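Novice: For reference, the structure I am asking about is given below.
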Amino acid sequence: MYALVAEIERYPEFLPWCVALRIVERKGEDATEFATADMIVAYGVFREKFRSRVKFDPVARRIDADYVEGPFRSLKNEWAFEDLPTGGSRVDFFIDFQFASRVLQAAAQSAFERIFLKMSDAFIERAKAVYG
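Counting the sequence shown from 1 gives a position; this note's numbering is that position plus 132.
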C-alpha cells in the first residue's frame, strides 16, 4: 500500500476530484525522498490549485505532506503503513486543513465525511486493481 499511495503522480487516474497533479521538484536523501507537487482539485463550482511538499520515508513507512501555497490557511496530511502478520496492511491516515476562505471552509466541513469516504474508497479500489 505504501507504494500505491507514494505514486502521487497517478492520483488523477483514480482519485475523485483530483483533475491534475504535477511534480515540480523531486529529490532524495538516503532512502527518504522529497517532492514538491501542484495538485488541481475540482468539486462542483470549486476548482483550485495548491502546492504541497511531500516527504516519502519507506524505512519508517510514512508519507507526510505539508502545505506550501494555495487556497488553504493550513493543510497537513500524514500516512503511516504497517504490514500485518496475516497479510495485508494497516493504513493510518490523518488530515487537518483550514481554508483561507470562510465560505470554502464551511462547504468543506459540511461535506468532509462524504468526501473522506469517497477518497478512501478510491484508494481501496485502486489497491484491488493493482494488487488483486
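Glycine included, every Cβ here is placed at the ideal spot set by N, Cα and C.
None of these values were measured; they are calculated from a predicted model.
1) If you follow the alpha helix (DSSP H) that VAL262 is in, where does it begin and where does it stop?
2) Going straight from the alpha carbon of ARG154 to that of ILE172, what length do you get?
3) Alpha carbon to alpha carbon, what distance is there between ALA261 and GLU145?
4) Note down the Cα distance separating ALA243 from ALA163, rounded to an integer number of angstroms.
5) By alpha-carbon positions, which one of ALA192, ALA238, ARG205, LEU136 ends up nearest to ARG183?
6) Assuming contact is defined by CB atoms lying nearer than 8 Å, are LEU249 and PHE229 in contact in what I supplied?
7) Determine the DSSP secondary structure at ARG142, reduced to helix, strand or coil.
8) Are ILE140 and ALA167 close, meaning C-beta to C-beta below 8 Å?
9) If you follow the beta strand (DSSP E) that GLY160 is in, where does it begin and where does it stop?
10) Taking the DSSP output, what are the residues bridged to TYR134?
Specialist: Per the coordinate set shown:
1) For VAL262, the enclosing alpha helix (DSSP H) covers residues 234-263.
2) 9 Å
3) 12 Å
4) 37 Å
5) ARG205
6) no
7) helix
8) For ILE140 and ALA167, yes; Cβs fall inside 8 Å.
9) 150-161
10) DSSP output for TYR134 lists no bridge partner at all.
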